[in-house]
Amino acid sequence: MTRARSKLARSELMGVLAVIALIGLSAIGLRLSEPDEKFQVITGDFGEPVKINNGEVSVTQVRVGSFLREDDLLTDRTAGMFVAVTVTAATTGPEQLKLGSARLLSGQVHYDTYQIAGGMNASPGFQVSADTLFEVDPAQIDDLALELWPDEVISGYQQRVRIKLGVTAANAEQWRAAARDHGIEISRVTTRAIP
Amino acid sequence: MLWTELRVLIVDTGRVWWRLLPMIMGVYLLGWLGTELTLRVAVIAGDISPWLALVLFAVSFVCTLGAAIVILTLAGRELGIRELLPEDEREIDDRDTSLTRLLVITLLPFLGMYAAFGHVAEAANRLLTQQWIRYGFLSDQQTVLGALYDLATKHPAWLLALILGIYVLRRLLDYVAERTGLHVLGLVVVLIEAFFMLMVIMGGIRVFQEFQLWLRDRAVMQWLAEAEDAAADFFAIFKIKLPEILTRVWAFFSDHIWPVLIDVVAQPLFWLAVAALVFGSRVLSLAELWRRGQPYTSRMPGATAFARYREKRAFRRLGPPPKGMRLAAVRFQEAFLGDIDDKYLPALHALRLVVRAGPIFLGAYIFVYNLVIIAQNYVESGLNWLAGGHEIEFWVRWEPVFALLQDALTEPIRLCLLAVAFRRCLELFAQQAAAQPRRAAAPVAAPVGTPALIDAEARS
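Here the protein sequences come in this chain order: A and B.
Numbered continuously in this note's numbering, the first sequence closes out at residue 217.
Numbered continuously in this note's numbering, the second sequence closes out at residue 461.
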């Protein structure tokens, strides 16, 4: 009688453990099936045009410094590092290309824009070039990538361009050295017809 | 045991879905068409009045709900849920003969579920997005949510009066519909009920937010903050960083435990309980009796938790009928408490019932239910991958089609699973009842006329 009861208790315990395992599996499955990024990432490299809806985007220049200059006057200084990324967006499609939001990524670290020189909006047949400025931690700049996307009040599944800037663990020290006591002048937004 | 439950749930769901595929897809598509059409008309109707848009928005919910109920009924019929009832118990409930009656009974719990798990907010956002696209973000044209926001923040008393007025109107029409048996009136009641629920949910949230803002500026909140600081200072003496510990504990609970409890465990159980209501109070009552191991012959009308309010009152009625003020009080009580008793409490009792089906069955059911949701998430990711990223104009135009493709593949399967799971519950209750030694045929509640019941009647 006691043996049968203990067998029943053991089988009940096993059942409860199995149920907990199933709930755990369900939780993991649900978590994995929900995408972290609710946007399509289109990757590219420095200097190469990346195709997105309505156009192409490319990073043409990356500059680093520890202070900002405007007409030879010091306007801002950082204890970290400024990174200015020159982006060219060309509208090859029939509708306006709008890229209003940007951030820099280095692994899990995200840097929001410090300043955008102007709107990255180009009408069909035109290209616009502008500097996007970031303030970053010099210790965390490995594999820096620029992410650009349309600035929408409400959005669906968007496209985001992610372009590697050529800063790697191997050359990060050179970039840090280049930034020391070096000033950056933010260039003006230029718009011209696509050549 | 566990394997058996998993096999039953997966195989039977697949079978029912496959057998009924043309029928349930037809019903689902009709529901989708009705929902989308009324939503589009609601957006246009917003030009005339945001309130008209809200009425049509409620109709779109009724379309979604109507399709879900019909699919559940079809699956229940295919599974022979009603046939599980013994011959002398197979009484006809009015929900079996009238879809509008079924809608009235199940609308509140269904809408409650939609609201609790964010589907009402999701649908309201869809309507708002469509209206923003139509009017522009800087337009003066009032949207549905804008109108509700104004009413809740500037004229909360009007909102309360409106909600009360709609409730009284609905109860009145409900009474007339029951007396006359007019199906058209039943449909009107359903629409009013949907409108009422949306007003409560969407307007109530605004009132609650206003209350939170009001509360934030009260002195009592400052006292609480000071008490919190004092407690932190006290624990700092023992080198215990109380605020940090509490923050970490709360973060762990809210980030890891709560989502698992709500999304993984509670959601499948609540849906099963609400779906159970569709299959009829007789089915639920019998399931309850089986669960208790009591023979069905002991059942008396009004004795179970699933009986209608008037049946319960008839079961408990003692002595001569009330007169004068007492009669008015009873009528008032019936008008208001009857609604809670007929609609909210059965949902609660159904939840209690399914929870007692046993941990093995519930674990298997929760797992299979979540498999369907996981499949739904992957279908969504797959469709996004196929379509690629686009700006909002594209999604506003094509979202209904993508939503249809996503839901049409998984939603009927989910509904079939609910029916299969409920039938399995009934089988388990019947097995449990058969396994238990037969007790003396005692009624569910105490016999009529006992002092306990006399007291209860006097209190009521």
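Ideal Cβ positions, reconstructed from N, Cα and C, are used throughout, including at glycine.
Because the structure is a prediction, the values reported are computed rather than measured.
Chain A contact for B:R440 (CB, 8 Å cutoff): As a working mapping, residue 440 of chain B is identified with position 439 in the second sequence. Only weak support is given to the placement of B:R440: the predicted model assigns it a pLDDT of 49, under 50, and the value that follows is read from those uncertain coordinates. Residue contact check for B:R440 against chain A: no CB pair falls below 8 Å.
Fill in: Cβ of A:T212 within 8 Å of any chain B Cβ
Here residue 212 of chain A refers to the residue found at position 190 of the first sequence. No - not a single Cβ of chain B is within 8 Å of the one on A:T212.
Alpha-carbon to alpha-carbon, B:E123 and B:G67: On the second sequence, position 66 is the one that residue 67 of chain B refers to. On the second sequence, position 122 is the one that residue 123 of chain B refers to. Those two C-alpha atoms are separated by around 19 Å.
Open item on the list: Measuring straight from C-alpha to C-alpha, what distance separates A:V41 and B:L7?
Closed with: Taking the first residue of the first sequence as position 1, residue 41 of chain A is located at position 19. Taking the first residue of the second sequence as position 1, residue 7 of chain B is located at position 6. Whole-angstrom Cα-Cα distance: 11 Å.
query: Within the 8 Å Cβ cut-off, does B:T130 reach chain A?
result: Against the second sequence, residue 130 of chain B aligns to sequence position 129. Residue contact check for B:T130 against chain A: a CB pair falls below 8 Å.
>> Quick test of your reading: B:I393 and A:S177, contact by CB under 8 Å. State the CB separation rounded to the nearest angstrom.
In response: On the second sequence, position 392 is the one that residue 393 of chain B refers to. On the first sequence, position 155 is the one that residue 177 of chain A refers to. Their Cβ separation, rounded to whole angstroms, is 6 Å, which keeps B:I393 and A:S177 in contact under 8 Å.
Requested in this report: Kindly indicate if chain B contains any beta-carbon less than 8 Å away from that of A:Q149.
Outcome: Translated into the one-based positions of the first sequence, residue 149 of chain A becomes position 127. Closer than 8 Å: no.
**Asked** Residues of chain A with a CB under 7 Å from the CB of B:L3: which are they?
**Response** Here residue 3 of chain B refers to the residue found at position 2 when the second sequence is read from its first residue. By Cβ distance, chain A contributes G37, A40.
Where does A:M103 fall in DSSP's three states? The residue given as residue 103 of chain A occupies position 81 in the first sequence. Looking at A:M103 - three-state DSSP - the assignment turns out to be strand.
Original post:
Can a CB atom of chain B be found closer than 8 Å to the CB of A:P116?
Top reply: Locating residue 116 of chain A in the first sequence gives position 94, counting from the first residue. No, its Cβ sits nowhere closer than 8 Å to a Cβ of chain B.
So, is the C-beta of A:G45 closer than 8 Å to a C-beta in chain B? Your numbering for residue 45 of chain A matches position 23 in the first sequence. The residue you asked about is not Gly; residue 45 of chain A is Ile in the sequence shown. Interface residue, yes.
- Message: Can you tell me which residues form a DSSP beta bridge with A:L126?
- Response: If you number the first sequence from 1, residue 126 of chain A lands on position 104. DSSP lists A:Y133, A:L168 as partners of A:L126.
- So the alpha helix (DSSP H) B:F101 belongs to, where does it begin and stop? Looking up residue 101 of chain B in the second sequence gives position 100. It is Thr, not Phe, that sits at residue 101 of chain B in the sequence shown. First-last of the alpha helix (DSSP H) with B:T101: 100-117.
### Task
Mind listing the chain B neighbours of A:L52? Cutoff is C-beta to C-beta under 8 Å, in chain order.
Your numbering for residue 52 of chain A matches position 30 in the first sequence. Per Cβ cutoff of 8 Å: D264, V265, N371, I374, I375, N378.
Rounded Cβ spacing between A:S151 and A:T108 (contact assumed at less than 8 Å):
Walking along the first sequence from the start, residue 151 of chain A turns up at place 129. Walking along the first sequence from the start, residue 108 of chain A turns up at place 86. About 6 Å separates the beta carbon of A:S151 from that of A:T108, a gap short enough to meet the 8 Å contact definition.
To be precise: take each residue of the stretch 356-368 of chain B, compare its Cβ to all Cβ atoms of chain A, and keep it if any distance is under 9 Å. Which residues remain? Cβ contacts with chain A: G359, P360, I361, L363, G364, A365, I367, F368.
Taking C-beta to C-beta, are B:L199 and B:L103 nearer than 8 Å?
-> By one-based count along the second sequence, residue 199 of chain B stands at place 198. By one-based count along the second sequence, residue 103 of chain B stands at place 102. Contact: no.
Q | Enclosing alpha helix (DSSP H) for B:S481 [first to last residue] | A | Residue 481 of chain B lies beyond the range of chain B shown here (2 to 461); nothing can be said about it.
Look up B:E84 in the DSSP assignment and say whether it is helix, strand or coil. Your numbering for residue 84 of chain B matches position 83 in the second sequence. B:E84 carries a helical assignment under DSSP once its states are collapsed to helix, strand and coil.
Strictly below 8 Å CB to CB, what residues from chain A border B:V261? Start at 1 with the first residue of the second sequence, and residue 261 of chain B comes out as number 260. Chain-order list of chain A residues neighbouring B:V261: I45, A49, by C-beta distance under 8 Å.
key: Span separating the alpha-carbon of B:W399 from that of A:Q118   = For the purposes of this step, residue 399 of chain B is identified with residue 398 of the second sequence, where counting begins at 1. For the purposes of this step, residue 118 of chain A is identified with residue 96 of the first sequence, where counting begins at 1. Distance between the alpha carbons of B:W399 and A:Q118 is about 20 Å.
Original post:
Are the C-beta atoms of A:E169 and some chain B residue less than 8 Å apart?
Top reply: Working through the first sequence from its first residue, we reach residue 169 of chain A at position 147. Residue contact check for A:E169 against chain B: no CB pair falls below 8 Å.
Output yes or no for whether 8 Å exceeds the beta carbon distance between A:A200 and A:V86. As a position in the first sequence, residue 200 of chain A is number 178, starting the count at 1. As a position in the first sequence, residue 86 of chain A is number 64, starting the count at 1. Yes, Cβ-Cβ distance for A:A200 and A:V86 is below 8 Å.
Three-state class that DSSP yields for A:F89 in the structure shown: Counted from its first residue, the first sequence places residue 89 of chain A at position 67. DSSP, read as helix, strand or coil, puts A:F89 in strand.
- prompt: Helix, strand or coil: which one does DSSP assign to A:R198?
  reply: Here residue 198 of chain A is taken as the residue at index 176 of the first sequence, counted from 1. A:R198 falls in the helix class under three-state DSSP.
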